[in-house]
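Below: the structure, in structure tokens.
2 protein chains.
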Amino acid sequence: MNLPPIPPIDSAAQAAARARQDTLTKPPGSLGRLEELSIQLAGITGQPRPSLARKAVVVMAADHGVAAEGVSAYPSEVTPQMVLNFLRGGAAINVLARQAGARVVIVDMGVAADIPVGASRDLPLQIRKVARGTQNMAHGPAMTRAQAESAINEGIDVAHSEIAKGLDLIATGDMGIGNTTPSAAIAAAITGQPAARVTGRGTGVDDAGLARKVAIIERALAVNTPDPKDALDVLSKVGGFEIAGLAGVIIGAAGKRAPVVIDGFISGAAALIAVGLAPEVKPYLIAAHQSVEIGHRVMLEHLGLRPLLDFDLRLGEGTGAALAFHLVEAAARLLDEMATFAEAGVSEKG
Amino acid sequence: MNLPPIPPIDSAAQAAARARQDTLTKPPGSLGRLEELSIQLAGITGQPRPSLARKAVVVMAADHGVAAEGVSAYPSEVTPQMVLNFLRGGAAINVLARQAGARVVIVDMGVAADIPVGASRDLPLQIRKVARGTQNMAHGPAMTRAQAESAINEGIDVAHSEIAKGLDLIATGDMGIGNTTPSAAIAAAITGQPAARVTGRGTGVDDAGLARKVAIIERALAVNTPDPKDALDVLSKVGGFEIAGLAGVIIGAAGKRAPVVIDGFISGAAALIAVGLAPEVKPYLIAAHQSVEIGHRVMLEHLGLRPLLDFDLRLGEGTGAALAFHLVEAAARLLDEMATFAEAGVSEKG
């Protein structure tokens, strides 16, 4: 498919940031990962002292045909119910985004139900429904290749329009009952790990539910035989509309030099797809956290990303990413706002 | 010595917070450490839904006689220079506290020089100098027992007066060239580990400097024979004035039901002393981060604390703690602000 170009990292801005770090009033390297992150942010944005004041979390929602197999602890009706909760500001992602000073962009990429209109709500809903849920991947492809392309293009458009409104830092978030199942299937297909090594309990299935989930993923992979070298094939056969949309958000943001904070397991699946489609997005990614889902570690290793937080989170919605915004912004603010040895009249290392 | 009483954790508030977590619109437990933290905060404050809007980092500075042994990569003149940098708002802790919406309380507990007055500054300095630096612990006690008690009492007073001004969350920070040496000595004395296992490179000594530092700590322990069962003995023989003051801050804050975010290695030494003097402070502590200093892990294990962040920090000043404020406040805000299943009309687990 036709994707927007991704510029390379700006090595001059990166070098300027690295040089400035060594003039700031602290022992060189003593701010650890915050220094590394500041240099990455300079390279991404092309700014030697980037400002990350304007932030947004894009939360994409969709339903999954495979939920009919009983792979989730919750019924599919929870997907639209939680979207309404997002719109009213009552979900965890709303709380964390408010605290971070970030806006929440809520997108219906393929919820099976219509989100009721007229209900009281604080936030707008973008309706970019590709279909009313995917097909059941245990029996055939989750979506057509054309649907996958369409969903990715919607995601790119979401990123571009948010950046046009003014945006320095973007995060990915998800909602979709059953969506740890396609995410695990994507992880297995792309990394080559067996399903059992990348499949976890999602929102909380029991041992029998976990065994059923692994078996369903194995069946979906056997029925569909996704080609690991063709990310669009993997996405269309065992993916989901919110995963496709988030892959588009990642590609769209990287194309405009915006750093992308990746949330947990579902966002990780979207990142695998995005990197499969456009490997040049990789240096634009920041992994927010290490999820409880066992397959998440496999994903992050495959992507070569070290997560910022390890908080035993397994909620999704972009919650880990919103929590990590503060850390990412701290890196940029330290680089920009700290006094140098010369400015402060502090003696350097003897 | 005479310490203010520390109230027990409020188990009713803790139970109320735990019960509320299970009604919020998320799979139970899916917010991981944020849920645990919210329950701890409820128990500390006695509030089922605590608010942590008012925050402060107490940064205590002092000099160390043992610096004469060449244990630091920087000269002692950097201690007052960095205090001036704090007062002018140019240090890392100023940047991170501004971002966190926290005030910075700067206290001279025993800087060897007088901080120049009349220079332009944004913040006030509290002068609570116990002496102009400690004695060289390689030859005898760093301070008298009376000085140690006095420094602790000053720290308690700092905590109480900040709380009287309005404060929900307090953090500890330090500045003092040479202060990883007494901190490592305290860790060795209290945990019983050999000096080599708890001594790191501080601001960045080379291999020869590290070997010298270990030998000096071994000599200080041999010369002074601190009694591990008597925290005041350990503190006076191999401690420092900022470490003593921070131990007082911890005790003073816990006595008033304020959660205390502990920064890195020097704050960890202060926490070892505080817990030695008053074991009931332990549940009031939140470990901000895992420092690069190798002895920090030993300290946290001894204290039974799991750090929130692992960012390869080794700056001190309270930087890790200020960075962690956002995470601690997130826990409280989620508990307070999220909608319940009933409020949001979301179906519970099937």
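Chains as they are written, first to last, in this note's numbering: chain A, 8 to 357; chain B, 8 to 357.
For every residue, glycine included, the Cβ atom is placed at its ideal position computed from N, Cα and C.
Nothing here was measured: the structure is a model prediction, and the numbers come from that model.
Against chain A, does residue i count as a neighbour if the rule is that its beta carbon must be under 8 Å from one of theirs?
i        : result
B:PHE4   : Only positions 8 to 357 of chain B appear in the structure, and residue 4 of chain B is not among them; the question remains open.
B:GLY97  : yes
B:PRO82  : yes
B:LYS356 : yes
B:HIS333 : yes
B:LYS220 : no
B:ARG40  : yes
B:PRO123 : no
B:ASN92  : yes
B:GLN106 : yes
B:GLU300 : no
B:ARG340 : yes
B:ARG110 : no
B:LEU228 : no
B:GLU336 : yes
B:MET150 : no
B:VAL32  : Checking the displayed sequence, the identity of residue 32 of chain B turns out to be Thr instead of Val. Yes, its Cβ sits closer than 8 Å to a Cβ of chain A.
B:GLU76  : no
B:GLN54  : no
B:MET306 : no
B:GLU225 : no
Could you check whether the Cβ of residue i sits closer than 8 Å to any Cβ belonging to chain B?
i        : result
A:THR206 : no
A:ASN186 : no
A:HIS303 : no
A:GLY352 : yes
A:THR2   : Chain A is shown only over 8 to 357; residue 2 of chain A falls outside these bounds and no answer can be derived.
A:THR179 : no
A:MET182 : no
A:VAL66  : no
A:VAL118 : no
A:LEU217 : no
A:GLN47  : no
A:VAL268 : no
A:LEU130 : no
A:GLN88  : yes
Pick out whichever of the options has its Cα sitting closest to the Cα of residue i.
i        : options                                   : result
A:PRO87  : A:ASP234, A:LEU103 and A:ASP121           : A:ASP121
A:THR174 : A:ILE301, A:ARG61 and A:LYS236            : Here residue 174 of chain A is Leu; the residue named in the question, Thr, does not match the sequence. Nearest option by C-alpha distance: A:ARG61.
B:VAL305 : B:GLN200, B:ALA69 and B:ILE13             : B:GLN200
B:PRO148 : B:GLY209, B:LYS220 and B:ASP234           : B:ASP234
A:VAL267 : A:LEU48, A:LEU341 and A:ARG40             : A:LEU48
A:ASN186 : A:ALA75, A:ARG264, A:HIS333 and A:ALA295  : A:ALA75
A:ARG27  : A:GLY327, A:GLU169 and A:PRO55            : A:PRO55
A:GLY140 : A:LYS356, A:LEU132, A:MET150 and A:ASP214 : A:MET150
A:GLY180 : A:PHE93, A:ALA229 and A:ARG128            : A:PHE93
A:ILE273 : A:LEU41, A:VAL65 and A:THR30              : A:VAL65
A:LYS136 : A:PRO57, A:PHE248 and A:ALA328            : A:PHE248
A:LEU176 : A:GLY36, A:ILE301, A:HIS146 and A:LEU334  : A:LEU334
B:VAL221 : B:LEU38, B:ALA69 and B:ALA145             : B:ALA145
A:SER168 : A:LEU239, A:ALA63, A:GLY77 and A:ALA138   : A:ALA63
B:PRO123 : B:LEU103, B:ARG40 and B:ARG95             : B:ARG95
A:GLY209 : A:LEU132, A:MET182, A:ILE13 and A:SER37   : A:MET182
A:ALA281 : A:GLY207, A:LEU310 and A:PRO35            : A:LEU310
B:GLY278 : B:GLY117, B:ILE301, B:ALA68 and B:ALA254  : A small correction: the amino acid at residue 278 of chain B is Ala; Gly does not occupy that position in the sequence shown. Residue B:ALA254 is the option with its Cα nearest to B:ALA278.
A:PHE318 : A:LEU91, A:LEU242 and A:VAL299            : A:VAL299
Based on DSSP bridge pairs, tell me the residues matched to residue i.
i        : result
A:LEU132 : A:ILE113
B:THR232 : Answer is none; B:THR232 lacks a bridge partner.
B:VAL267 : B:ILE177 and B:LEU292
B:THR86  : Beta-bridge pairing links B:THR86 to no other residue.
B:THR347 : B:LEU31
Could you list which residues in chain D have their beta carbon closer than 9 Å to that of residue i, in chain order?
i       : result
A:ALA20 : Looking for chain D here will not work: the only protein chains present are A and B.
I'd like to confirm something about residue i: is its beta-carbon nearer than 7 Å to some heavy atom of the ligand COA, or not?
i        : result
A:ALA351 : The ligand COA is absent from the structure shown, which contains no ligands of any kind.
Practice prompt. Quick one: which unbroken beta strand (DSSP E) runs of 3-plus residues sit fully inside the stretch 9–80 of chain A? Chain order, please.
Written response: 62–69
Practice prompt. Just list the alpha helix (DSSP H) runs in the stretch 181–223 of chain B, keeping only unbroken ones of 4 residues or longer that don't cross its boundaries, in chain order.
Written response: 187–198 and 202–205
Worksheet item: If you pair each beta-carbon of the stretch 82–96 of chain B with each one of the stretch 296–314 of chain B, do three or more pairs fall below 8 Å?
Response: no
Discussion item. Across the stretch 159–172 of chain A and the stretch 245–263 of chain A, are there enough close Cβ pairs to call them in contact, namely three or more that are closer than 8 Å?
Written reply: yes
Practice prompt. May I have a chain-ordered list of the alpha helix (DSSP H) segments no shorter than 4 residues that lie completely inside the stretch 283–328 of chain A?
Written response: Here the runs fully enclosed are 301–310.
Item to complete: Report yes or no: do three or more beta-carbon pairs, one from the stretch 17–33 of chain B and one from the stretch 220–236 of chain B, lie closer than 8 Å?
Response: no
Item to complete: For the stretch 292–304 of chain B and the stretch 318–337 of chain B, state whether three or more C-beta atom pairs, one from each stretch, are separated by less than 8 Å.
Response: yes
Worksheet item: Any chance the stretch 333–351 of chain A sits against the stretch 31–43 of chain A, with 3 or more Cβ pairs inside 8 Å?
Response: A contact between stretches requires three or more CB pairs, one per stretch, nearer than 8 Å, and the stretch 333–351 of chain A meets this requirement with the stretch 31–43 of chain A.
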